[in-house]
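In our numbering, the protein residues as written are 2 to 135. First comes the structure, then the notes that go with it.
Quick look at the structure:
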């Protein structure tokens with residue numbers, strides 16, 4: 002399945018004095034979504050790194066539509082969009098408890114060798130996963 006959802010509750014430390022989530026805190030929310038997307042597919046990000054593969058963000062576009070607030074339960078939607086030789090792209094969205102769309106994003110990540118820091122082909126087990134998503 003191309004889609005996965007996970008939930009996080011907004012912590013007080015992620016907000017300003019008005020209880021609104023600081024804009025920079027959406028990036029970690031989306032990271033939680035991507036890591037849980039992988040985990041849901043049987044891939045541990047930690048074990049991928051232990052095997053020498055990293056997956057840094059090379060591009061992100063975030064559109065803020067409505068504020069998330071302190072103590073809200075957010076649902077992070079992560080959708081596999083595409084994969085090329087070394088890149089993977091995700092469409093993401095965050096909804097509040099009232100199912101209102103708060104934020105959308107597009108992330109492009111590149112598989113790299115942690116030894117060289119250079120782009121590399123995804124491991125075979127990830128390529129097999131991509132075949133099931135097409």
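Don't be surprised by glycine CBs; every beta carbon is placed ideally from N, CA and C. The model shown is predicted, which means the values in this text are computed figures rather than measured ones.
Cα atoms of residue 8 and residue 74: separation of roughly 7 angstroms, rounded to the nearest angstrom.
Between residue 131 and residue 93 the beta-carbon gap is near 18 angstroms, outside 8 angstroms, which marks them as no contact.
With fewer than 16 other Cβ atoms from the protein chains shown falling within 10 Å of its own Cβ, residue 24 counts as exposed. Nearest C-alpha to residue 127 among 117, 39, 119: 39.
In the three-state reduction of the DSSP assignment, residue 99 falls in the coil class, being assigned neither a helical nor a strand state.
Residue range 27–41 is occupied by the alpha helix (DSSP H) that includes residue 40, with no beta strand (DSSP E) assigned at that position.
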